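Heads up: the sequence shown at position 20 corresponds to 19 in our numbering, and the numbers run straight through without jumps.
Using N, Cα and C, we set each Cβ at its ideal position, and we do this for glycine too.
All values derive from a computational prediction rather than experimental measurement.
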Amino acid sequence: MEESINQNPEAMEALISNLFGNISSLKSAYIELQSAHTPYDPEKIQAADKVVISELKNLSEMKHFYRENNPKPVCVSPQDSRLAAEIQEQQSLLKTYEVMVKKFQSEIQNKDSEITQMLQKIEEANQKRLKLEKNLKLRGMSTNQGSGGDGNLQFPDLTTELFVSTYEAAAKVVHDFSKPLINMMKAAGWDLDTAANSIEPDVVYAKRPHKEYAFESYICQRMFSGFQQKNFSVNSESATVMADDDTDTFFRQFLALKDMDPLDALDQRDYVTGGGHPRTAFYQAFLKLAKSIWILHKLAYSFDPAAKIFQVKKGSEFSDSYMESVVKNIH
0 MEESINQNPE
10 AMEALISNLF
20 GNISSLKSAY
30 IELQSAHTPY
40 DPEKIQAADK
50 VVISELKNLS
60 EMKHFYRENN
70 PKPVCVSPQD
80 SRLAAEIQEQ
90 QSLLKTYEVM
100 VKKFQSEIQN
110 KDSEITQMLQ
120 KIEEANQKRL
130 KLEKNLKLRG
140 MSTNQGSGGD
150 GNLQFPDLTT
160 ELFVSTYEAA
170 AKVVHDFSKP
180 LINMMKAAGW
190 DLDTAANSIE
200 PDVVYAKRPH
210 KEYAFESYIC
220 QRMFSGFQQK
230 NFSVNSESAT
240 VMADDDTDTF
250 FRQFLALKDM
260 DPLDALDQRD
270 YVTGGGHPRT
280 AFYQAFLKLA
290 KSIWILHKLA
300 YSFDPAAKIF
310 QVKKGSEFSD
320 SYMESVVKNI
330 H
C-alpha cells in the first residue's frame, strides 16, 4: 500500500527519525575513519571507509525517496519505525563514544611511552654527569677552576689537622691490610714466628699476638719507601715534572684522589695493561692501602715547606712527643 508522505505526518516523522539515525551513524563512521589514521591502520581505514560510503548511500536514497514523495511500503507501523530510528541513533552515539575512548587510551599510551623515554634520557644524563665529574676529579680540576665562578663543590682547607686525619686513616688502612696478609701466610703454611723474627730480630714481645706489629712495620717500610722524594721514587720518564714550589698542584691531586675508587681508576687503563686484575678482597685491600699512602704523599707536598717523614733508630728511647705505642698502655 502506497501513500503520499505529505498526507501522512507519521510517515514524515519516521523519515526524519531515520534521517537523524543515519546522520549519527555517518558521524560515528567518520570518527572511526579518523581514528584509524592515528596510528595508521590500513585495514581499519578500509573498513571505516566502506561504512562511510554505505551511510552516504542511505542518505542519498532518503533524499530521492523524499523528492519522489513515494515512500516504500513497510511492514511495521510508523511508531515502530521511529523507535527503531531512535535506537539506531543511540547505538551510533555509543559507538562514537567508544571510538573516542579508544582514541584517548591510545593518546595515554603514547604519553606513557614518552614519559618512559624521558626518564631513560634523564638516567643517561645523570650517568654522563657522574662520569664527567669523576673525570674532572681525576684531572685534578674543580668547578671553580673551570668556570671561574662559585661552584657547589666544597673542598677542605689545607691544615695540619687535615694532614693528621689523613695520616691516621692511612695508619688504619695499614693495620687492616696486615690481617688478610697474615691470614694468607697462615694458609700458605708460613712459620709466622720465624717471619716476624726475620723482620725485627731480637725483639721480645709481651704477647705472641703482638708479632702482627712486625708485619705492619714491614708493610710501612715498603709502602713509605721513597716518600721523602717529591716523585715518590717514580721513574722520572713516566712522572709529571712540576715546579719545586707547585704546592697547589699537589693539593689538587690530593683532592682528586681523595674520593676516587681505586678499582675504577684501574678500569680506565685497558684492564691494567692487558694483564687484568682480580676482584678479590685481598686485592681491593691492597689498592686501598696504595691509595691511602699515595694521597698522604700528595698532601705532604701540598704544604710549604713540605711535611717530612723520619724514622728513629732501633733502640731509641721512647718519646711521647714523637712516638705512639702500637699497644695501648705500654710505653
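Count the other CB atoms within 10 Å of the CB of histidine 36; is the residue buried (16 or more) or exposed (fewer)? Taking the first residue of the sequence shown as position 1, residue 36 is located at position 37. Classification of histidine 36: exposed, given that the 10 Å Cβ count is below 16.
Nearest residue (CA-CA) to threonine 165, options Ser23, Gln104 and Ile292: For the purposes of this step, residue 165 is identified with residue 166 of the sequence shown, where counting begins at 1. The shortest Cα separation from threonine 165 among Ser23, Gln104 and Ile292 belongs to Ile292.
Assigned secondary structure, lysine 26 (DSSP; H/G/I helix, E/B strand, else coil): As a first step, residue 26 must be located in the sequence shown, where it is residue number 27. Helix at lysine 26.
How about the region 163 to 181 and the region 283 to 292: do they share at least three Cβ pairs that are nearer than 8 Å? yes
Glutamine 89 to glutamine 116, Cα distance in whole Å? Counted from its first residue, the sequence shown places residue 89 at position 90. Counted from its first residue, the sequence shown places residue 116 at position 117. Roughly 41 Å between the two C-alpha positions.
Mapping DSSP to helix, strand and coil, what is methionine 322? Here residue 322 refers to the residue found at position 323 when the sequence shown is read from its first residue. Looking at methionine 322 - three-state DSSP - the assignment turns out to be coil, as it is neither helix nor strand.
Check for me: the alpha helix (DSSP H) holding lysine 287 runs from which residue to which? Here residue 287 corresponds to residue number 288 of the sequence shown, with the count starting at 1. Here the alpha helix (DSSP H) through lysine 287 covers 280 to 299.
Hey, how far is the Cα of leucine 298 from the Cα of alanine 194? Here residue 298 refers to the residue found at position 299 when the sequence shown is read from its first residue. Here residue 194 refers to the residue found at position 195 when the sequence shown is read from its first residue. The alpha-carbon atoms of leucine 298 and alanine 194 are separated by roughly 33 Å.
Within 10 angstroms of the Cβ of leucine 93, are there 16 or more other Cβ atoms? Answer buried if so, exposed if not. Taking the first residue of the sequence shown as 1, we reach residue 93 at position 94. Answer is exposed; the Cβ neighbour count stays below 16.
Going by DSSP in three states, valine 98 sits in which element: helix, strand or coil? Residue numbering aside, residue 98 sits at position 99 when the sequence shown is read from its first letter. Three-state DSSP puts valine 98 in a helix.
Is the separation between the beta-carbon of serine 16 and that of glutamate 85 shorter than 8 Å? As a first step, residue 16 is located in the sequence shown; it is residue number 17 there, counting from the start. As a first step, residue 85 is located in the sequence shown; it is residue number 86 there, counting from the start. In contact: serine 16 and glutamate 85 (Cβ atoms closer than 8 Å).
Just how far apart, CA to CA, sit phenylalanine 162 and proline 304? Taking the sequence shown and counting its residues from 1, one reaches residue 162 at position 163. Taking the sequence shown and counting its residues from 1, one reaches residue 304 at position 305. In a straight line, the C-alpha of phenylalanine 162 is about 14 Å away from that of proline 304.
Span of the alpha helix (DSSP H) around glutamine 220: Your numbering for residue 220 matches position 221 in the sequence shown. Note, glutamine 220: alpha helix (DSSP H), 211 to 222.
Using three-state DSSP, classify asparagine 109 as helix, strand or coil. Locating residue 109 in the sequence shown gives position 110, where the first residue counts as 1. In the structure shown, asparagine 109 sits in a helix (DSSP, three-state: H, G or I).
Of all the options Asp319, Phe176, Ser301 and Ala187, which has the alpha carbon lying nearest to the alpha carbon of glutamine 283? Stepping through the sequence shown from its first residue, residue 283 is reached at position 284. With distances taken between Cα atoms, glutamine 283 lies closest to Phe176.
Compute the distance between the beta-carbons of isoleucine 121 and phenylalanine 223, then report whether it is under 8 Å. Locating residue 121 in the sequence shown gives position 122, counting from the first residue. Locating residue 223 in the sequence shown gives position 224, counting from the first residue. Result no, Cβ atoms of isoleucine 121 and phenylalanine 223 do not sit closer than 8 Å.
Can you tell me whether DSSP reads leucine 157 as helix, strand or coil? Against the sequence shown, residue 157 aligns to sequence position 158. Three-state result, leucine 157: coil.
For serine 23 versus serine 91, is the C-beta distance shorter than 8 Å? Here residue 23 corresponds to residue number 24 of the sequence shown, with the count starting at 1. Here residue 91 corresponds to residue number 92 of the sequence shown, with the count starting at 1. Closer than 8 Å, so yes.
Taking the alpha-carbon positions, what's the proline 179 to glutamate 323 distance? As a position in the sequence shown, residue 179 is number 180, starting the count at 1. As a position in the sequence shown, residue 323 is number 324, starting the count at 1. Going from the Cα of proline 179 to the Cα of glutamate 323 covers about 24 Å.
Between the Cα of proline 38 and the Cα atoms of Thr95, Glu106 and Tyr300, which residue gives the shortest distance? Position 39 of the sequence shown holds residue 38. Cα-wise, what sits closest to proline 38 is Glu106.
DSSP state of asparagine 17 mapped onto helix, strand, coil: The residue you call residue 17 lines up with position 18 of the sequence shown. Correct three-state label for asparagine 17: helix.
Own chain, CB closer than 7 Å to methionine 183, minus 5 neighbours either side, in chain order: If you number the sequence shown from 1, residue 183 lands on position 184. The residues are Phe281.
Tell me whether the beta-carbon of isoleucine 181 lies closer than 8 Å to the beta-carbon of leucine 191. Residue numbering aside, residue 181 sits at position 182 when the sequence shown is read from its first letter. Residue numbering aside, residue 191 sits at position 192 when the sequence shown is read from its first letter. For isoleucine 181 and leucine 191, yes; Cβs fall inside 8 Å.
Reference isoleucine 294; option with closest CA among Val100, Asn230 and Gln104: The residue given as residue 294 occupies position 295 in the sequence shown. It is Asn230 whose Cα lies nearest to the Cα of isoleucine 294.
Taking serine 216 as the reference, give the member of Glu160, Val202 and Lys133 with the closest Cα. As a first step, residue 216 is located in the sequence shown; it is residue number 217 there, counting from the start. Cα-wise, what sits closest to serine 216 is Val202.
Inter-residue spacing [alpha-carbon to alpha-carbon] between isoleucine 114 and lysine 43: The residue given as residue 114 occupies position 115 in the sequence shown. The residue given as residue 43 occupies position 44 in the sequence shown. Distance between the alpha carbons of isoleucine 114 and lysine 43 is about 28 Å.
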